[in-house]
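For reference, the structure discussed in these notes is given below.
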Amino acid sequence: MVIIIILKFVPLSYLQYHRTTMNGESLPQRLGNPVIGIIGSGDFSRSLAIRLVASGFSVVVGSRNPKRIPKGLFPDGVELRSQREAVDSAERVIFAAIYPEHYSTLVGLRDGLAGKVLVDVSNATRLDDGELSNAEQLAELFPQSRVVKGFNVISAWALQTGAHDGSRQVLICSDCSDSKATVVQLTRRLGFSPVDLGGLVASRDIEKAPLHLFPSWEGATLVTFLLFLFFYGYNVVKHVLLPYLAHGEHNFYQLPLETVNQTLPAVALILLGLVYLPGLVAAVLQLARGTKYKRFPSWLDRWMCRRKELGLMSFLCAGVHAVYSMCLTLRRAAGYRLLNAAYRQVIGGWNLCVCLSVVSGIWN
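In terms of mature numbering (1 follows the signal peptide of the UniProt record, and there is no 0), the sequence shown is residues -15 to -1, 1 to 349.
And the structure:
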């Protein structure tokens, strides 16, 4: 009852701006509810506007032709204006939600963007090294603006549904610490977890992050494929090619099922051994060195970091082997059933012939 009474008399603004974040830091009050500008009217701009409005911000969306935007596409409370009006209306933070190819069309807004925080949300289109990132190119086009990289690893779906679904982390980098702190604070207000990666040069890796497909699984997948290829080739030579060359047996029908099923358990056992072997090697190395505080060799360190992926690949091979074994058992059972039916049919026909022979002999 005491807690309820206390909360009743606490102002709502105090609860809103003094709540704590995931890491225990309190949110500053200086962000308030400023007007946030968004340049662009695409899907990401719409999702971002929905999330900002739901978090209590005023949003102005700038489009080259705001009259062509369908009515009801953006939520109530979002103002649809031209790009110039959106830039002038935004107090401090402006999101550039357009393709990098169109950054040059914003040069005419350079005076309005001067001194404001310009958040680049674009991603890279290819994994080329040595080139400037989209954020760095944007910073060159607008040297008087404070460019911050962020929100590019968050999908439009995650923005609409909030931080409960999808990834919570927002990778942020900038050369201006104050502007980066503003975006970090804004990220927390939206319900996400900001991750500070340093200067704007880190945007090269941030923009390429969505282009990597399971980067930690490359080694485990390659090892599994090579092991499967080796044992499958061995089983093909032993159970298919050699019987054919030596005795003329045609066992090629075994390739898709039986040969694969003979290969999977061997691969699963080898992978399981590769999961536990680096731990033993590390223990022997520590005993030989007489200390555990020296770093492992790079190859051993990478091997130990991939044990989880190797274990899951081993479980996958074992699971597929179990399914294949069950299917082969059912297949053999069905074959035996057909053979039994044919056998019974032959026996029945033979008995009928015997009966007819006996009857004909009696009549004769």
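We put the beta carbon where it would ideally sit given N, CA and C, even for glycine. Since we're looking at a predicted model, the values are computed, not measured.
Three-state class that DSSP yields for residue i in the structure shown
{"i": "R287", "result": "helix"}
{"i": "V138", "result": "coil"}
{"i": "S30", "result": "helix"}
{"i": "E121", "result": "helix"}
{"i": "F300", "result": "helix"}
{"i": "S310", "result": "helix"}
{"i": "E294", "result": "helix"}
{"i": "Q145", "result": "helix"}
{"i": "F237", "result": "helix"}
{"i": "P228", "result": "helix"}
{"i": "K277", "result": "coil"}
Spatial neighbours of residue i in its chain, beta-carbon cut-off 8 Å, leaving aside the 5 residues before and after
{"i": "T244", "result": "Y217, N220, V221, H224, V225"}
{"i": "D181", "result": "I157, C158, K165, V169"}
{"i": "V155", "result": "G135, F136, V138, I139, T172, F177, S178, P179, V180"}
{"i": "L98", "result": "V72, I79, L91, F127, Q129, S130"}
{"i": "G27", "result": "A82, I83"}
Beta-carbon proximity list for residue i, same chain, < 6 Å, skipping 5 on both sides
{"i": "R15", "result": "A caution first: R15 carries a pLDDT of 44, below 50, which makes its placement in the model unreliable, though a value can still be read off. Same-chain partners within the cutoff: there are none."}
{"i": "Q271", "result": "K277"}
{"i": "F29", "result": "A82, A141"}
{"i": "I298", "result": "Here residue 298 is Met; the residue named in the question, Ile, does not match the sequence. Same-chain partners within the cutoff: A205, T209, L256."}
{"i": "E234", "result": "P228"}
Residues of its chain near residue i, where Cβ-Cβ distance is below 7 Å and the 5 sequence neighbours each way are ignored
{"i": "V252", "result": "T209, L212, F213, F216, C302"}
{"i": "D160", "result": "G184, L185"}
{"i": "I255", "result": "L212"}
{"i": "I54", "result": "S26, S48, L65"}
{"i": "I294", "result": "The sequence shown places Glu at residue 294, not Ile. Cβ within range, chain order: S201, W202, A205."}
Cβ distance (whole Å) where residue i is taken to contact residue j below 8 Å
{"i": "G62", "j": "V38", "result": "5 Å"}
{"i": "A205", "j": "R291", "result": "5 Å"}
{"i": "residue 354", "j": "L103", "result": "Residue 354 lies beyond the residue range present for the chain, which begins at -15 and ends at 349; the question has no answer from this structure."}
{"i": "R77", "j": "P19", "result": "6 Å"}
{"i": "P195", "j": "N108", "result": "5 Å"}
{"i": "L249", "j": "H306", "result": "4 Å"}
{"i": "L33", "j": "L144", "result": "6 Å"}
{"i": "G296", "j": "V260", "result": "5 Å"}
{"i": "L175", "j": "R31", "result": "In fact, because the Cβ distance is near 15 Å, the residues do not count as touching under 8 Å."}
{"i": "A75", "j": "K56", "result": "Wrong, their Cβ atoms sit about 23 Å apart, outside the cutoff."}
Counterpart residues of residue i in DSSP-defined beta bridges
{"i": "V45", "result": "G22, E64"}
{"i": "L156", "result": "V180"}
{"i": "S132", "result": "Looking at the sequence itself, residue 132 is Val, so the reference to Ser does not match. Answer is L103, bridged to V132."}
At 4 residues or longer, and completely inside the segment 240 to 274: list those alpha helix (DSSP H) runs for me, N to C. Here the runs fully enclosed are 245 to 274.
Ignoring anything shorter than 4 residues or poking outside the segment 160 to 217, list the alpha helix (DSSP H) runs there in chain order. You should have 162 to 174, 188 to 193.
Tell me the start and end of each unbroken alpha helix (DSSP H) in the segment 51 to 121 that is at least 4 residues and wholly inside, in chain order. If we require 4 residues or more, the alpha helix (DSSP H) runs fully inside the segment 51 to 121 come out as 68 to 74, 95 to 98.
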